[in-house]
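All residue numbers for the sequence shown refer to the numbering used here, where the first residue is 3 and numbers rise by one.
Cβ atoms here follow ideal geometry from the backbone N, Cα and C, with glycine treated the same way.
Fair warning: this is a prediction, and the values are worked out from it, not measured in the lab.
The block underneath contains the structure these notes are about, expressed in structure tokens.
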Amino acid sequence: MRVLMISKALVTGVYQKKLEELASHPDIELLAVVPSCWNERRVGNIRLARRFTEGYTLAEEHMRFNGRHHIHYYPGLAKHVHAFRPDLMHIDEEPYNLVTAHATRLARQIGARTIFFTWQNLDRRYPPPFSLFERYCYRHAAAALAGNEDARSVLRRKGFRGPVEVIPQFGVDPEIFQPPATGRDVTREFTIGYYGRLVPEKGIDTLIDAVALLDPRPRVIIVGSGERRPQLEARAAQRGLSGRVEFREAIPSDAIPALLAELDVVVVPSRTRPNWKEQFGRVIVESMACEVPVIGSDSGEIPSVIGDAGLVFPEGDASALAACVKSLSLDREQARLLGQAGRERVMRCYTQREIARATREVYLRVMDR
């Protein structure tokens with residue numbers, strides 16, 4: 003089975019491990035088409051990092067309208083399609099995006115089947131031409147992958163009638179994301195961490211407000227880039243936390259395990275907006291893989307990802323978050339047990355190998371139809 007995957011997300015090196023796992027199956031010959039970089043709005047330029055490239059071909063291709071989710075596409079994709087002649091095209095993009103419609107059209111030219119991926123967990127209706135792209139992809143896709151249950155429900159409400167499997171876009175590599183070999187130092191000062199985009203919907207102001215309610219105040223490390231950093235630094239100063247909250251620049255994905263080794267708990271305080279709610283929370287599974295307990299808000303998919311391996315608080319509720327932090331800071335054994343439960347949950351559900359296995363099963367069903 004010849005599979006051509008199109009994915010801008012694969013500029014991140016650790017995500018490429020899923021492709022190595024897919025390609026390890028002898029019945030899959032895999033070509034991945036990726037851009038040289040992705041200009042993420044409000045964050046910056048993310049350059050392609052070739053990290054896991056064994057067993058398949060990672061082809062770098064020019065992207066037009068880079069950074070624009072709905073209208074970007076690859077002008078040179080046709081040459082890869084006609085040279086490789088895939089049996090199946092895995093379009094790792096939303097169905098209402100131009101890149102998905104363009105790739106679907108090319109697949110139809112050679113008789114290849116297509117699947118697309120969606121995170122969209124809000125029932126949003128799009129104007130033309132995006133609604134036309136969406137209907138075109140629905141009509142011709144052999145199956146869809148949804149990153150969460152809400153996304154599957156949205157597809158059904160919007161009229162997609164093909165098979166839909168709920169499979170996260172990427173898992174984690176438990177050999178990279180693992181607890182420190184020397185164990186966690188429970189005698190050090192209790193340290194809370196957040197890493198990710200510094201944007202309003204991530205709710206980092208709730209974390210700052212929660213820490214201001216605690217006595218004694220724990221140490222906080224906030225890692226990331228984004229438009230809200232100046233306001234968050236000012237908020238921390240206004241709450242008298244300048245000496246307790248440390249801001250650091252964004253780090254590459256392969257440096258995250260070292261960051262997690264510094265932390266006793268990770269907080270994911272996402273806050274639902276009219277046009278967004280948390281779709282998965284990759285930070286959650288990375289932290290759990292490293293046996294760092296997670297406290298997450300109840301926005302979107304967060305409670306489902308955490309399961310019984312962490313604590314959940316009502317989004318935007320600083321007092322409830324402070325209570326969760328306090329309970330783990332006072333009961334290190336509870337924190338340790340939650341950390342262990344988190345890694346066990348990741349090993350069952352969220353490794354790159356498990357995600358690749360489930361994805362291959364979809365490929366096989368599509369090709370048997």
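| query | result |
| --- | --- |
| Helix or strand or just coil, what does DSSP make of S299? | strand |
| Under 8 angstroms: do the stretch 83-90 and the stretch 104-112 share three or more Cβ pairs, one atom per stretch? | yes |
| Quick one: what's I286 bridged to in DSSP? | In the DSSP output, where bridge partners are listed per residue, I286 has none listed. |
| Distance, Cα to Cα, V348 vs M290? | 7 angstroms |
| Where do the ends of the beta strand (DSSP E) carrying R250 lie? | V247 to R250 |
| Measure the alpha-carbon distance for R132 versus E63 and round it to whole angstroms. | Here residue 132 turns out to be Phe, not Arg, going by the sequence shown. Between F132 and E63, the C-alpha separation is close to 23 angstroms. |
| Tell me whether C39 sits in a helix, a strand or coil according to DSSP, three-state version. | strand |
| What are the residues that DSSP puts in a beta bridge with Y196? | I224 |
| Could you say which of L21, P37 and F118 lies nearest to E31 if we only look at CA atoms? | L21 |
| Between the C-alpha atoms of L108 and E335, what's the straight-line distance to the nearest angstrom? | 56 angstroms |
| Quick check on I30: does DSSP put it in helix, strand or coil? | coil |
| DSSP has W278 in a bridge; who is on the other side? | R275 |
| Going straight from the alpha carbon of L13 to that of D217, what length do you get? | For clarity, residue 13 is Val in the given sequence; the question names Leu instead. Taking the straight line from one Cα to the other gives about 42 angstroms. |
| Taking Cβ to Cβ, would you say F135 is nearer than 8 angstroms to L157? | no |
| Determine whether the beta carbon atoms of G228 and V201 lie at a separation below 8 angstroms. | yes |
| Which one or two residues does DSSP pair with F119 in a beta bridge? | L147 |
| Below 8 angstroms, how does it come out for the stretch 317-335 and the stretch 145-155: are there three or more Cβ pairs, yes or no? | no |
| Anyone know if the C-beta pair for C292 and P181 falls short of 8 angstroms? | yes |
| From the DSSP output, in three-state form, read off L1 for me. | Within the shown structure, residues of the chain are numbered from 3 to 371, placing residue 1 beyond reach of any answer. |
| Output needed for S38: all residues of its chain with C-beta closer than 6 angstroms, excluding positions within five of it in sequence on either side, in chain order. | L50 and E62 |
| Express the C-alpha separation of E95 and L262 in angstroms, rounding to a whole number. | 30 angstroms |
| Out of curiosity, what's the CA-to-CA distance linking P316 and G309? | 15 angstroms |
| Tell me whether T59 sits in a helix, a strand or coil according to DSSP, three-state version. | strand |
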